[in-house]
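Below you'll find the structure, written out as structure tokens, and then a few comments.
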Amino acid sequence: MSRLVVNPGTPHAWEIQLRPGANLLGRRSDCDFPINDLSVSGSHCRITVDRQSVQLLDLGSTNGTFVNGTQVQEAALQTGQTLRLGSVEAVFYSEDAGVSTPAVAAPSPPRARLRVTAAPTSEADTAPALAATAVAEPPPIPEPAGTRFCKFHPKSPARYLCRKCNRTFCEMCVSARAIGGVAQKTCRTCGVECIPLEGAVFRPAAARGFFARLPGVFIYPFRGSGVLILIVATLVFTGLQFIRFSAGLFSILARIIALGYLFSFMQAIIHSTAVDDPEMPPLPEMDELFGACFRLIGTVVISFGLPIGLLIARLFDVDIPTSAILVTGILGSLYFPMAFLAVAMMDSAVSANPLVVVPAILKVPVHYLVTAILFASIFGFSQLGNLIMSLVGGLTLSTRSSGVFFLSLAMLAAWSFVSVYLLTVNMRILGLLYLTNKSKFGWYKN
1 MSRLVVNPGT
11 PHAWEIQLRP
21 GANLLGRRSD
31 CDFPINDLSV
41 SGSHCRITVD
51 RQSVQLLDLG
61 STNGTFVNGT
71 QVQEAALQTG
81 QTLRLGSVEA
91 VFYSEDAGVS
101 TPAVAAPSPP
111 RARLRVTAAP
121 TSEADTAPAL
131 AATAVAEPPP
141 IPEPAGTRFC
151 KFHPKSPARY
161 LCRKCNRTFC
171 EMCVSARAIG
181 GVAQKTCRTC
191 GVECIPLEGA
201 VFRPAAARGF
211 FARLPGVFIY
221 PFRGSGVLIL
231 IVATLVFTGL
241 QFIRFSAGLF
251 SILARIIALG
261 YLFSFMQAII
271 HSTAVDDPEM
281 PPLPEMDELF
291 GACFRLIGTV
301 VISFGLPIGL
311 LIARLFDVDI
321 PTSAILVTGI
331 LGSLYFPMAF
341 LAVAMMDSAV
351 SANPLVVVPA
361 ILKVPVHYLV
371 TAILFASIFG
381 FSQLGNLIMS
391 LVGGLTLSTR
401 SSGVFFLSLA
411 MLAAWSFVSV
421 YLLTVNMRIL
431 GLLYLTNKSK
441 FGWYKN
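If you want it as structure tokens, here you go:
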């Protein structure tokens, strides 16, 4: 039997029993053995087990696959070797005769312990007899470094482990249910009870309130590697916008991908802020974009469905007052930030319904009013800039002067960067609203 011990020697250790044949490891839920860590690629590597050997093959992972500290593309695994997938440590063990033990850093031989039990006695016995059974212990597992983190908040230490999907979660990413009169934490995906993780390191509770944190939102995108992330995000969004102008079915798919990645980018910033991470998170991967697009569109439809409906009716010569469209549009603008925050935190478009959003707004009316005003102001400024840049874009296409052409391109590139910056600031504000009021919202208990 061959197996991997992930995060060995820690309270977060768990075991993968490798099956004969191919075993796919990665972050995607459809892998044979999902490993929930952002440093692990969707399909990271494949381990093939047969009678003679165990072969490891890297599947083009982003952060690489390492055996005993050396990055490999393909390797034959030996008992006791240390593997690293991204930043996730594991130790490989095999009891098959065909898998040898390396000469260097070989595990110590199995130790024996005595299990003492009372032998059967009878009335004729004058003294109890003791029987000893020798039981072999597995080789000692080396002590690794590192902490396991939450699936949705990669920089937040995990507090719970799902026994079914082997994913770890922080406090706000599990559900609290009363089962048999006892409160239990359950996985939102699998519905089974989660195991508390002992020894996890937790961040202290935030000491500053919402208004004390607000001034920092404008410098947040420049902290750490934030500038580089903004530049890369600008290039990605520019590329996605460019492919939208293609024709046919590919154009529709491109728009879905663009909207899905936009939502994933915004959601990542909110999640990172919600766990009090002072720096921007890395760019999200290109996975689950269709679901992300659906959540974004669903949030917009729920928030602005009424004014959009009235506007469509007016286009068909239905007598709809302009004031009605304006009022419903303003109400939708007030409703949308909290609806987007709820959907981003609970990862479901259903969370944008009024039964969730309206009570949340009423619980923090002052904080939310300031949030909505800032959100609308930044968004309005961004849209005004987009309008001006559309005129600059038209000038770029019509001018015959090379100087004007390159100046226009520079302005468009600069504004694209500013647009991503403003988007990041808006998401940071929403994340701070949740961070400083999450006990009032209570969403993590749903």
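In this note's numbering, the protein residues as written are 1 to 446.
Glycine is no exception: its CB is placed at the ideal position from the N, C-alpha and C atoms.
By the DSSP assignment, the alpha helix (DSSP H) with Val356 in it spans what residues?
Working through the sequence shown from its first residue, we reach residue 356 at position 356. Start and end: Pro354 to Lys363.
Does the region 423-441 come into contact with the region 210-218, if we say contact requires no fewer than three beta-carbon pairs (one atom in each stretch) closer than 8 Å?
yes
Is DSSP giving Ala413 helix, strand or coil here?
Reading the sequence shown from its first residue, position 413 is the one you call residue 413. The answer is helix: DSSP assigns Ala413 an H, G or I state.
Classify Leu355: buried if its beta carbon has 16 or more other beta carbons within 10 angstroms, exposed otherwise.
Looking up residue 355 in the sequence shown gives position 355. Flag for Leu355 reads exposed.
Rounded to whole angstroms, what is the Cα-Cα separation between Met266 and Thr79?
To locate residue 266, count along the sequence shown from 1; it is residue 266. To locate residue 79, count along the sequence shown from 1; it is residue 79. Near 43 Å, if we compare the C-alpha coordinates of Thr79 and Met266.
8 Å Cβ cutoff met for Gly424 and Pro278:
Sequence index remark: in the sequence shown, residue 424 carries index 424 (1-based). Sequence index remark: in the sequence shown, residue 278 carries index 278 (1-based). Checking the displayed sequence, the identity of residue 424 turns out to be Thr instead of Gly. No, the pair does not count as a contact, with Cβ atoms beyond the cut-off.
Ile270 versus Thr399 - alpha carbon distance:
The residue labelled residue 270 in the question sits at position 270 within the sequence shown. The residue labelled residue 399 in the question sits at position 399 within the sequence shown. If you take the alpha carbons of Ile270 and Thr399, they lie about 41 Å apart.
By alpha-carbon positions, which one of Leu197, Leu161, Gly209 and Arg208 ends up nearest to Asn188?
On the sequence shown, position 188 is the one that residue 188 refers to. Looking at the sequence provided, one finds Arg at residue 188 rather than Asn. Selected option, being the one with the closest Cα: Leu161.
Are at least three pairs of beta-carbons, each pair with one atom in the region 276-293 and one in the region 324-339, less than 8 Å apart?
no
Would you kindly work out how many angstroms separate the C-alpha atoms of Leu326 and Ile361, rounded to a whole number?
In the sequence shown, counting from the first residue as 1, residue 326 sits at position 326. In the sequence shown, counting from the first residue as 1, residue 361 sits at position 361. The alpha-carbon atoms of Leu326 and Ile361 are separated by roughly 21 Å.
For Cys162, the first and last residue of its enclosing beta strand (DSSP E):
Within the sequence shown, residue 162 is the residue found at index 162, counting from 1. Segment Tyr160 to Cys162, the beta strand (DSSP E) holding Cys162.
How about Leu412 and Met389: do their beta carbons lie closer than 8 Å?
Here residue 412 corresponds to residue number 412 of the sequence shown, with the count starting at 1. Here residue 389 corresponds to residue number 389 of the sequence shown, with the count starting at 1. It is a contact, given that the beta carbons lie within the stated cut-off.
From Glu95 to Phe149, what does the alpha carbon distance come to, in whole angstroms?
As a first step, residue 95 must be located in the sequence shown, where it is residue number 95. As a first step, residue 149 must be located in the sequence shown, where it is residue number 149. In a straight line, the C-alpha of Glu95 is about 31 Å away from that of Phe149.
Got a sec, what are the start and stop residues for the alpha helix (DSSP H) Leu296 sits in?
Residue numbering aside, residue 296 sits at position 296 when the sequence shown is read from its first letter. Residues Leu289 to Leu315.
Val49 beta carbon less than 8 Å from that of Ser2
Locating residue 2 in the sequence shown gives position 2, counting from the first residue. Locating residue 49 in the sequence shown gives position 49, counting from the first residue. Taking 8 Å as the Cβ cut-off, Ser2 and Val49 qualify as a contacting pair.
Closer than 7 Å: is that where the CB of Phe66 sits relative to any heavy atom of the ligand GDP?
With respect to the ligand GDP, the structure shown offers nothing to examine, as it has no ligands at all.
Would you list the one or two residues that DSSP bridges to Thr48?
Along the sequence shown, read from residue 1 onward, the residue named residue 48 stands at position 48. Beta-bridge analysis with DSSP links Thr48 to Ala22 and Gln55.
List the whole-angstrom C-beta distance separating Ala352 from Ala342, where the pair is believed to meet the contact cut-off of C-beta under 8 Å.
One-based indexing of the sequence shown puts residue 352 at position 352. One-based indexing of the sequence shown puts residue 342 at position 342. The Cβ separation is near 6 Å, so the contact holds.
Please report the straight-line C-alpha distance between Ala372 and Gly431, rounded to a whole angstrom.
Taking the sequence shown and counting its residues from 1, one reaches residue 372 at position 372. Taking the sequence shown and counting its residues from 1, one reaches residue 431 at position 431. Cα-Cα distance, rounded: 13 Å.
Residues that DSSP places opposite Arg3 in a beta bridge:
For the purposes of this step, residue 3 is taken as residue 3 along the sequence shown, with counting starting at 1. Beta-bridge pairing links Arg3 to Gln17 and Tyr93.
Just reading off the alpha helix (DSSP H) that Thr322 is part of, what are its end residues?
Indexing the sequence shown from 1 puts residue 322 at position 322. Thr322 to Met346 is the extent of the alpha helix (DSSP H) around Thr322.
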